[in-house]
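Residue numbers (full-length UniProt numbering): 1 to 202.
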């Protein structure tokens, strides 16, 4: 598995998260609830459900990462300039990462505890997502001064399995990218359908 320069890896992840944050702030906040809640197909997720799913993951991983970083800082451990992914963490990241067209290479069923319905306030869901991305950016900054190899984070679906902090960052952001692209496709389909209906009425 490829060994990464830690600083360069964190910068790449920071940029990917910034891009996601900018999309949510500049575009999603302007979209009507009807579009945001419109599934592209009967058994597919709406943009609202995609973000609800990501928010549920953020609720678990962001506090876990923050706690682990805080504990390491208290121990005054020095950072290491390189990061080597673990085999399991690398597998999870590759499994989540969408391809160049923004489509996942493999479809997966979300764990039951991390699926959301299409109810609720879209503004609140988007606002929470924005807050989480801002928090993730802060954690990526804090991680610049610690070793991404030695800190271990329990994964959400099986807490007895722990991944390196670097792997958790890579997996979490790949997972974000996967469902952000899914949300974009849902919004695009809902917008096209709305325009088609408008033409029929006209």
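C-beta atoms are modelled at their ideal positions from N, C-alpha and C, and glycine is treated no differently. Quick caveat: nothing in here was measured; it's all calculated off a predicted structure.
- Per DSSP, the unbroken alpha helix (DSSP H) holding residue 130 starts and ends at 122-142.
- Ranked by Cα distance from residue 149, the options 139, 141, 166 are led by 166.
- Looking at the backbone, the Cα of residue 118 and that of residue 25 are separated by about 21 angstroms.
- A contact between stretches requires three or more CB pairs, one per stretch, nearer than 8 angstroms, and the stretch 171-188 meets this requirement with the stretch 35-52.
- DSSP places residue 69 in the uninterrupted alpha helix (DSSP H) bounded by 47-75.
- The beta carbon of residue 66 sits closer than 7 angstroms to the beta carbons of 139 from its chain, once the five residues preceding and following it are set aside; these are given in chain order.
- DSSP, reduced to helix, strand and coil, places residue 151 outside both helices and strands of the structure shown, so it counts as coil.
- In this structure, residue 172 and residue 91 do not form a Cβ contact; the two beta carbons are roughly 15 angstroms apart against a cut-off of 8 angstroms.
- Around residue 97, the same chain offers 174 as residues with beta carbons nearer than 6 angstroms, after the five sequence neighbours per side are excluded.
- Residue 74 and residue 34 have their alpha carbons spaced roughly 48 angstroms apart.
- Annotation for residue 161: no alpha helix (DSSP H) segment contains it, though the beta strand (DSSP E) segment containing it runs 158-164.
- Counting only the Cα atoms, residue 32 lies some 13 angstroms from residue 46.
- Counting along the chain, the unbroken alpha helix (DSSP H) around residue 17 starts and ends at 6-26.
- Excluding sequence positions up to five before and after residue 170, its CB lies within less than 6 angstroms of the CB of 93, all in the same chain and listed in chain order.
- A Cβ-Cβ contact shorter than 8 angstroms links residue 145 with residue 79.
- Per DSSP, the unbroken alpha helix (DSSP H) holding residue 34 starts and ends at 33-36.
- Ranked by Cα distance from residue 71, the options 156, 152, 191, 162 are led by 152.
- Residue 44 sits away from residue 183, with the two beta carbons spaced by 8 angstroms or more.
- Residue 86 sits close to residue 163, with the two beta carbons spaced by under 8 angstroms.
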